[in-house]
Each structure stands twice: as structure tokens, then as C-alpha cells.
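J.:
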Ligand SMILES: [Fe+2]
């Protein structure tokens, strides 16, 4: 018997409707929940502790260079050092200056794993995510942007993922701009299946959490007077390693390191590609070659479904690749 059917039987035995597990949300099919308030599949809105979020916001806004990442990124990749460890910044769109700034070593991973644990997210979503022992945190990010020109609708995970993996996004503060530049998503009427575009407004102390089947986009717009819209983002889900192949289609290019369902912190597909290029360059240097690089190295473009057959590559990243030397960049494996 599958986990979902077991859960359904358990609920019917106890006469507990699924929606009691999460207000307004009910299980409608294996791996598919319908949220009647938001009128969409596999999406939840939850409260998050404001005091913990203030801590995270302090880390972001204090003298670390996160806020400058947008203005300062001359290349698609950069590394940011902070008091809790290194982060890896990645520009992922031409229609927005959005940057994903992911934990990039064990220290920063552990720092945000502690935040994840204190927010009790594994416990809160244990009834949604099929798992064996505990839900696993895969990666943590700051998501940062000041403008977006057009919609880019997507689902974070491929349909086979169901609710095996989830994404959580919560703003670090309330934004001045309220009318635009939040979240657009495809709503669906559960009875008629009629569909329309709806919007979700980010609020401090609230997080939106979603799995596959939730189609969404940054809402076009810009921060008031250039205000930076910064978010904390977690990706997390099942601890069953056999599910990673499908989940990796999304998560293997979003960061340079990633924790697998089995808890091992390893290089992602993107991380391995960077290693490969760095090592090739080192080898060439060691052999005394002075190769003239005719074209820039290409790395997998972070995004949704990027790590698969229609893989998209982003040229650039020289700034990052030039940094290795004796630094740990290009030697991340030794750090894990
Ligand atoms: Fe997304």
C-alpha cells in the first residue's frame, strides 16, 4: 500500500478530513492537494515566526554585500562571504535582475538548517510529503530582485515529483510596493476546472509553500524607489533517495551544493560542471599551456528542468572561474 493511500485510509478510519491537517487544503489525488482559499493545487500559506525572520533579515541587511548583489553582479555568478559562511549568487533571467543566492558550504548550510529546524517545517509538512523518517532540507537561498519586466510561468517541479519536494518562499520584510511585483499564479476552479490568473501578495510573517502542479511567475513590476525585494527560500522534501532523479531535474542547477534526500551534502550538477572547467583550466596552466580561449566556458543555466535533455547553457562565469587559485572555489569537494 502506498503512503498516500495509507494516509487516506488512516484519515477515513479516524474520520478526520484531510483539510483539518491544513486549513482550506484537501487531498484530491495522490501527490495532489487542492487549496480552496487560494484556488490552486499543491500550495499552502503558513505563518512563520517573525522573530526568526528578523534574525534572517539582519544577516541579509547587515554589512554583508547581499543587497549589492544585483547592482554589483557583472557576471552571471559570484561568491559572497558572510559571518555564517559562503553563498553562491546566480543570475537566472534576462527579464528580471533576480538572483538566487544559495548556501555554498557546510557552515552556511548548517546555519540555515538550524533556521529550518526552528521553524518546524519538517514537522509541519510531514503529512504532505511521502517519507520514511524525517523530511530533508535540500538547499537554502536568498532570492533577490528589484525589477521584473515580464511573466515567466513555470512549475518548480515536474509532475512526477508530486509533493515529494516543496519550495518555501517568505519575504524578509513587508515591501512598500503592493500593487505589483509580487506573485502571479494560475488559479483553478475545482468543480468546473475553469482557470484564471490570480495574484498572491507577500507579507512578512507568512510563507507560501508549493510543490509540482503549482504554476506561477514573478509578477512584473519593480520595487518602490528601487527597493530590493528579498526572500528566504527553502527547498525540502522526502528523505527517500530513490526519488532524487526526478527532484534533481529542478534542484541540480539551482545551487552549487545540494543535500540529497539521504542527507549527503554534495556538489550539484552545476557544481560538478564548474569543477570540471576549473580543473581543465588548472591542468592547462600546470602543463604550461597558454591556451587562448576562443569562447567562454558554458555552464548549465539554473532554472526549472534545466538539468535534463533540453539543457540550456549560460555563457560567462569567468569572474568565478578565475577566482580558484588557492581559494576553495573549485575545491568545494574538500569542504564537504
Ligand atoms: Fe518558481
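In the working numbering, the protein residues as written are 2 to 337.
All residues carry an ideal CB built from backbone N, CA and C; glycine is no exception.
Look at the alpha carbon of residue 60 and the alpha carbon of residue 108, and state the distance between them as a whole number of angstroms.
T.: Cα to Cα, residue 60 sits roughly 14 angstroms from residue 108.
J.: The beta strand (DSSP E) that contains residue 117, what's its start and end?
T.: Residue 117 -> not in any beta strand (DSSP E); alpha helix (DSSP H) instead, spanning 107 to 119.
J.: Ligand 1 heavy atoms versus the CB of residue 225: any closer than 7 angstroms?
T.: No, the beta carbon of residue 225 sits no closer than 7 angstroms to any heavy atom of ligand 1.
J.: Please list, in chain order, all residues of the same chain as residue 242 whose beta carbon is under 7 angstroms from its beta carbon, the five residues on each side excluded.
T.: If we look at residue 242 and ignore the five residues flanking it on each side, its Cβ neighbours are 261, 262, 263.
J.: Taking all protein chains shown into account, decide if residue 29 is buried (16 or more other Cβ within 10 angstroms of its Cβ) or exposed.
T.: Classification of residue 29: exposed, given that the 10 Å Cβ count is below 16.
J.: Taking all protein chains shown into account, do 16 or more other C-beta atoms lie within 10 angstroms of the C-beta of residue 114, making it buried, or fewer, making it exposed?
T.: By the 10 Å Cβ count, residue 114 comes out buried.
J.: Would you give the residue range spanned by the beta strand (DSSP E) that residue 81 belongs to?
T.: 78 to 83 is the span of the beta strand (DSSP E), which, as asked, contains residue 81.
J.: Give a yes or no on contact between the segment 210 to 219 and the segment 153 to 167, applying the rule of three or more CB pairs nearer than 8 angstroms.
T.: Yes, the segment 210 to 219 touches the segment 153 to 167.
J.: If you run the structure through DSSP and keep just helix, strand and coil, what is residue 51?
T.: Residue 51 falls in the helix class under three-state DSSP.
J.: From the DSSP output, in three-state form, read off residue 61 for me.
T.: Three-state DSSP puts residue 61 in a helix.
J.: Relative to the C-alpha of residue 273, which residue among 286, 259, 285 is closest?
T.: Closest by alpha carbon: 259.
J.: Below 8 angstroms, can you find three or more Cβ-Cβ pairs linking the segment 117 to 127 to the segment 41 to 53?
T.: Result yes; three or more Cβ-Cβ pairs closer than 8 angstroms.
J.: So, under 8 angstroms CB-CB, residue 220 and residue 183 are touching, yes? Tell me the CB distance rounded to an integer number of Å.
T.: With 8 angstroms as the limit, residue 220 and residue 183 qualify as a contact, their Cβ atoms being about 5 angstroms apart.
J.: Pair every Cβ in the segment 244 to 260 with every Cβ in the segment 149 to 163, then say whether three or more of these pairs are closer than 8 angstroms.
T.: Yes, since at least three Cβ pairs between the segment 244 to 260 and the segment 149 to 163 fall closer than 8 angstroms, the two stretches touch.
J.: By DSSP's criteria, residue 26 is part of a beta bridge. Which residues make up the other side?
T.: In the DSSP output, where bridge partners are listed per residue, residue 26 has 36.
J.: Can you tell me whether residue 165 sits near ligand 1, meaning its C-beta is under 7 angstroms from at least one heavy atom of the ligand?
T.: Because no heavy atom of ligand 1 lies under 7 angstroms away, the Cβ of residue 165 does not count as near it: no.
J.: With H, G and I counted as helix, E and B as strand and the rest as coil, what does DSSP make of residue 216?
T.: The answer is strand: DSSP assigns residue 216 an E or B state.
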